[in-house]
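Reading through the structure tokens given below for one structure.
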Amino acid sequence: MRGMFKRQKSLMLFNLEPDQYSYKGLLLFLAVYIGATIFAAFATAPAYWFVEWVHSVSPSDTTTWLLGKKMDVYFDRMRWIPIIIFLPWVLAKCGLFSIKNLGIRFNAQSLFSAGKFFLFGIVLAGAIFSMQIMFADSSLKAGLDFSTVLKAMSTAILGAVILSFLEEIVFRGLIMRTIYTASTPLTAVILSSLFFAYKHFKVPDSAWANIPGGLRCTDWDIGFFVAYYDAIGISENFALVPFCSLAMFGMLLCAVYIKTKNLLVPISLHAGLVFMIQLYRSCFDIEKCEASRYFGTAGMTNGLMPLIILTALFAWFAFAPGKKSEDS
123 MRGMFKRQKS LMLFNLEPDQ YSYKGLLLFL AVYIGATIFA AFATAPAYWF
173 VEWVHSVSPS DTTTWLLGKK MDVYFDRMRW IPIIIFLPWV LAKCGLFSIK
223 NLGIRFNAQS LFSAGKFFLF GIVLAGAIFS MQIMFADSSL KAGLDFSTVL
273 KAMSTAILGA VILSFLEEIV FRGLIMRTIY TASTPLTAVI LSSLFFAYKH
323 FKVPDSAWAN IPGGLRCTDW DIGFFVAYYD AIGISENFAL VPFCSLAMFG
373 MLLCAVYIKT KNLLVPISLH AGLVFMIQLY RSCFDIEKCE ASRYFGTAGM
423 TNGLMPLIIL TALFAWFAFA PGKKSEDS
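Here is the structure:
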């Protein structure tokens with residue numbers, strides 16, 4: 123408990139001491155985030171128009187697939203462009219532009235820990251999905267064969283690794299540590315996790331009824347519309363259990379990072395969980411039913427049982443005495 127909630131120099135930014143505070147890192151991140159949102163607001167419609175032009179010149183399955191995406195998907199992809207471009211600059215300013223300072227290590231002990239937590243994420247999600255199969259309305263998809271499952275596994279592992287790597291660098295490696303440097307460890311864990319949960323609530327479907335053309339509207343200002351509902355959409359489709367589950371998952375990842383000082387560990391735990399979620403969605407038909415309230419569905423965070431399990435795991439990682447971290 124002491125290590126979890128006492129400020130540690132190894133997690134401070136700008137080479138500050140544990141008794142020093144700085145808002146510089148937090149302000150840098152907010153500037154990039156707000157700037158990326160403004161960029162996406164302007165770029166969403168032109169991005170779609172570009173795909174339309176490419177399709178008119180050289181139609182393909184890819185352009186057809188892209189044209190079928192909703193405009194909030196374009197907005198989200200456009201917002202990631204400046205974040206990815208400027209993330210190295212922010213990391214450098216915060217003294218994190220190195221795998222060592224982020225806490226990513228590739229020695230035998232670190233890789234062993236990462237492997238254990240990757241398997242732990244798979245087992246955790248697998249246990250919850252097993253309960254859904256037994257007690258809720260989930261069944262294998264028709265026509266599944268070995269090649270289909272193998273393809274689903276390769277797609278799931280690739281997507282899980284990319285998503286987890288990016289999200290953990292941003293949410294735990296950067297956001298949590300900027301708040302950690304500006305405030306207390308507990309505040310950093312809670313606020314970064316609440317933001318993590320908030321960002322998983324997308325533009326609500328009801329919002330598209332407010333504009334002509336709905337989700338296929340390609341007017342020049344559609345990006346600003348999406349930006350507005352991306353910011354306040356959680357007020358339209360807020361759900362307490364999923365929000366609390368996502369926040370608790372974020373807190374668990376923070377606790378794992380603080381305890382191990384190794385960002386590769388929460389990346390691996392996150393990846394194992396996402397891998398199973400993607401594989402489960404690819405191989406099973408999951409329908410909502412009365413039991414879903416308790417066991418959730420494919421997202422895993424919309425049931426009471428996952429919330430209880432995540433809360434118990436956070437409490438165990440946060441309060442249980444353990445071995446010294448890998449850099450102690």
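Residue numbering for the sequence shown follows our numbering, beginning at 123 and increasing consecutively.
Beta carbons are placed, not taken as given, at the ideal position from N, Cα and C, and that holds for glycine.
{"query": "Counted within 10 angstroms of its Cβ, other Cβ atoms place leucine 432 as buried (16 or more) or exposed", "result": "buried"}
{"query": "Every unbroken alpha helix (DSSP H) inside the region 134-196 [4 residues or more]", "result": "146-179 and 183-189"}
{"query": "Segment limits, beta strand (DSSP E) that includes leucine 262", "result": "259-262"}
{"query": "Expected contact under 8 Å - CB spacing of lysine 383 and serine 132 to nearest Å", "result": "6 Å"}
{"query": "Neighbour-count burial assignment, aspartate 183, 16 or more Cβ in a 10 Å radius", "result": "exposed"}
{"query": "Integer Cβ distance of glycine 335 from alanine 167, believed to fall under 8 Å", "result": "Contact flag wrong, Cβ pair sits at about 12 Å."}
{"query": "Segment contact flag, the region 254-265 with the region 403-418, C-beta cutoff 8 Å, min 3 pairs", "result": "yes"}
{"query": "Burial state of glutamine 400 (16 or more Cβ within 10 Å)", "result": "buried"}
{"query": "Phenylalanine 347, enclosing alpha helix (DSSP H) - first and last residue", "result": "344-354"}
{"query": "Residues that phenylalanine 406 bridges to, as DSSP identifies them", "result": "Leu262"}
{"query": "Exposure of proline 307, with buried meaning 16 or more beta-carbon neighbours within 10 Å", "result": "buried"}
{"query": "Euclidean distance between Cα positions of alanine 204 and valine 311", "result": "Alanine is not the amino acid found at residue 204; the sequence shown has proline there. If I take the Cα positions, the gap works out to 26 Å."}
{"query": "Cβ separation of alanine 377 and phenylalanine 436, assumed to be a contact under 8 Å, to the nearest whole Å", "result": "6 Å"}
{"query": "Whole-angstrom C-beta distance between alanine 158 and tyrosine 196, which should lie under 8 Å", "result": "Not quite, the Cβ-Cβ distance comes to about 14 Å (not below 8 Å), so this is no contact."}
{"query": "DSSP state of serine 450 mapped onto helix, strand, coil", "result": "At serine 450 the pLDDT is 42, less than 50, meaning the model places this residue with poor confidence and gives no usable figure here."}
{"query": "Span of the alpha helix (DSSP H), counted from its first residue to its last, around methionine 275", "result": "268-290"}
{"query": "Whole-angstrom distance between asparagine 223 and cysteine 216, CA atom to CA atom", "result": "10 Å"}
{"query": "Segment contact flag, the region 128-144 with the region 293-308, C-beta cutoff 8 Å, min 3 pairs", "result": "yes"}
{"query": "Sub-9 Å separation of leucine 209 and leucine 135 beta-carbons", "result": "no"}
{"query": "Cutoff 7 Å; reference phenylalanine 287; Cβ partners in own chain excluding five residues on either side", "result": "Ile389"}
{"query": "Chain-order list of residues whose beta-carbon lies under 8 Å from that of serine 328 (same chain, five-residue window excluded)", "result": "Glu358 and Asn359"}
{"query": "Min CB distance arginine 129 to chain C below 9 Å", "result": "Within the model displayed, chain C is absent; a lone protein chain is all it includes."}
{"query": "beta-carbon tryptophan 438 near the ligand SAM non-hydrogen atom, thresh 8 Å", "result": "Ligands are entirely absent from the displayed structure, and the ligand SAM is therefore not among its contents."}
{"query": "Serine 235 versus threonine 185 - alpha carbon distance", "result": "41 Å"}
{"query": "For valine 283, the nearest candidate out of Gly237, Leu296 and Val212 (CA to CA)", "result": "Gly237"}
{"query": "Best match in Lys324, Val325 and Met298 for proximity to serine 314 [C-alpha to C-alpha]", "result": "Met298"}
{"query": "The alpha helix (DSSP H) enclosing cysteine 366, as first and last residue numbers", "result": "362-382"}
{"query": "Span separating the alpha-carbon of alanine 355 from that of lysine 324", "result": "For the record, residue 355 in the displayed sequence is glycine; it is not alanine. Those two C-alpha atoms are separated by around 6 Å."}
{"query": "Through-space distance from leucine 391 to leucine 116, alpha-carbon basis", "result": "No statement about residue 116 is possible, as the shown extent of the chain runs from 123 to 450 and does not include it."}
{"query": "Assigned exposure category for leucine 395 - 16 Cβ within 10 Å defines buried", "result": "buried"}
{"query": "Under 9 Å between C-beta atoms of threonine 340 and methionine 193", "result": "yes"}
{"query": "Distance CB(isoleucine 226)-CB(leucine 385) smaller than 9 Å", "result": "yes"}
{"query": "Beta-carbon spacing of proline 428, phenylalanine 417 below 9 Å", "result": "yes"}
{"query": "Three-state secondary structure (DSSP) of glutamate 412", "result": "coil"}
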